[in-house]
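Each residue of the sequence shown is one higher than the one before, starting from 476 at the first, in my numbering. Glycine is no exception: its CB is placed at the ideal position from the N, C-alpha and C atoms.
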Amino acid sequence: MQIRDLVREDIRDLVPYEPHPYADVIKLDANETPHTFPAQIIKDIFETLTGDVFTRYPDPLGEELRKAIGQMTGAPPENIILGNGSDELIQLLLQTFGGPGRRVVIPVPTFAMYKIHGQITGTEPVEVYRNSDFSLDEDILIAEMQKPGTNMTFIATPNNPTGTTVPEEQVRRILERVNSLVIIDEAYIDFGGRTCLSLIREYPNLVVLRTFSKVAMAGLRLGYLTADSAVVRELLKVKQPYNVNAFSQAAALAVLKNWHYFQEQIEEIVSERERLKVELLKIKGIDVFPSDANFILFRVKPPIVAEALHEALLKNGVLVRKKPGITHGLEQCLRVTVGTKQENDFFLEKLSKLIPIS
Ligand SMILES: *Cc1c(COP(=O)(O)O)cnc(C)c1O
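Set out below in structure tokens:
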């Protein structure tokens, strides 16, 4: 008996997610917040914890947190589902609406998990190329979305790894012309772009995905989606009852209660992004893409090679992201997460040493 032969055929050739275990480097690779989580808020969270948090199952729907998210977003709590990170919700959407014989359309380059969860759930991932400036190629995209068997499309805005925002009129035009789910992933919405939340009342096929990861607490895994109640009803049939643990629910509540504090951190990241962009534009050996997110994508010009620059930066103590097998128009591109002012200065200093200024 070979264990491999027992595995579902479409799982056999998948590759496990590779951790990035680099010690003693400035981590500008994963779009996490560079700021510290305030000690006072941690203390507050611990003070809300009772013994029950440890001994009893968590609230399966996270009522209190849904209410708080509802107040912030204007969405009724019953239109919200919490997830163990928005990654889990991407999988939940595909488990519920995808599956064998069904297609999921993905405008690339974008977040890798749409395709991976597509494959895991037996849904056929259909990749549609973006324009060279990473805007959506609307006609080709809609033509793919209208093909039979297409049940869903994932569009990140601002997009990862490009930083591109999809204009609201374009989201509307897409929603008007298709009869399938359109999932707008707003993981980076706190840093720029415009939310599509208010469109949910008009379009029953719109799902908006959000996360606490990029702004506050990637380690505690908390994402949410909002959608029409008909969509929510179907998803709740598939969702694991206790998918979000009690501690993460309490922490997210504390983040919302202290939002002004995180809002300040966001503003600092946005202003650092703009400064970083101005400084990067001064370096002749790279091209810089506009970004509405907490990272910047840049393209390295020959004779410099992106992989070699990535490696050299790492040797100099800075980890940035290079996409595996760099494709989909990302040739020669690297993505750098906006760090603290000190981290950004350190990165810029190393980068300008490695790339001749003129
Ligand atoms: C980081 C990221 C996510 C995943 O967020 P989690 O809530 O941490 O799972 C989802 N979508 C996009 C586009 C991302 O970049």
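Contact between residue 504 and residue 795 holds: CB atoms are separated by about 6 Å, below the 8 Å threshold. Of the residues 577, 558, 619 and 540, the one whose Cα lies closest to the Cα of residue 685 is 558. At least 8 Å separates the beta-carbon of residue 772 from that of residue 593. A distance criterion of 7 Å places the beta-carbon of residue 688 in contact range of ligand 1, judged by its closest non-hydrogen atom. At least one heavy atom of ligand 1 lies less than 7 Å from the C-beta of residue 635. The C-beta of residue 511 has fewer than 16 other C-beta atoms within 10 Å across all chains shown, which makes the residue exposed. Note: residue 627 is bridge-paired with 579 and 656 in the DSSP secondary-structure output. Non-local C-beta neighbours of residue 763 in its own chain, meaning closer than 7 Å and more than five positions away in sequence, comprise 752, 755, 756, 771 and 773, ordered along the chain. DSSP links residue 794 through a beta bridge to 502. One thing to note: residue 553 has its Cβ within 8 Å of the Cβ of residue 704. Going by C-alpha positions, residue 670 is about 19 Å away from residue 735. Contact annotation: the stretch 815-826 touches the stretch 780-799, with at least three C-beta pairs closer than 8 Å. In the structure shown, residue 597 adopts coil according to DSSP, grouped into three states. In this structure, the CA atom of residue 767 is about 25 Å from the CA atom of residue 627. Residues 795, 797 and 809 of the same chain have their beta carbon placed closer than 8 Å to that of residue 785, with the five preceding and five following residues left out of the count. Cβ-Cβ distances below 6 Å link residue 700 to 556, 564, 682 and 684 in the same chain, with the five nearest sequence neighbours on each side left out; the list follows chain order. Annotation for residue 477: no residue places its beta carbon closer than 6 Å to its own, counting only its chain and skipping 5 residues before and after. Secondary structure of residue 813 (DSSP, three-state): coil.
Contact check for residue 725 and residue 596: beta-carbon distance about 31 Å, past the 8 Å limit, so the pair fails to qualify. For residue 560, the CB falls within less than 7 Å of some heavy atom of ligand 1. Across the set 617, 645 and 533, the C-alpha of 533 shows the shortest separation from the C-alpha of residue 721.
Short of 7 Å from the beta carbon of residue 582, and not among the five residues preceding or following it, lie these beta carbons of its own chain, in chain order: 603, 605, 611, 616 and 630.
Taking a 10 Å sphere around the C-beta of residue 560, we find 16 or more other C-beta atoms and assign the residue as buried. DSSP places residue 699 in the uninterrupted beta strand (DSSP E) bounded by 698-702. As computed with DSSP, residue 529 is found in no beta bridge at all. Residue 691 and residue 618 have their C-alpha atoms spaced approximately 38 Å apart. At a Cβ-Cβ threshold of 8 Å, residue 713 and residue 570 count as neighbours.
The DSSP-derived three-state label of residue 685 is strand.
Residue nearest to residue 622 within the set 647, 591, 644 and 654 is 654 (criterion: CA-CA distance).
Here the distance from the Cβ of residue 660 to the nearest heavy atom of ligand 1 is below 7 Å.
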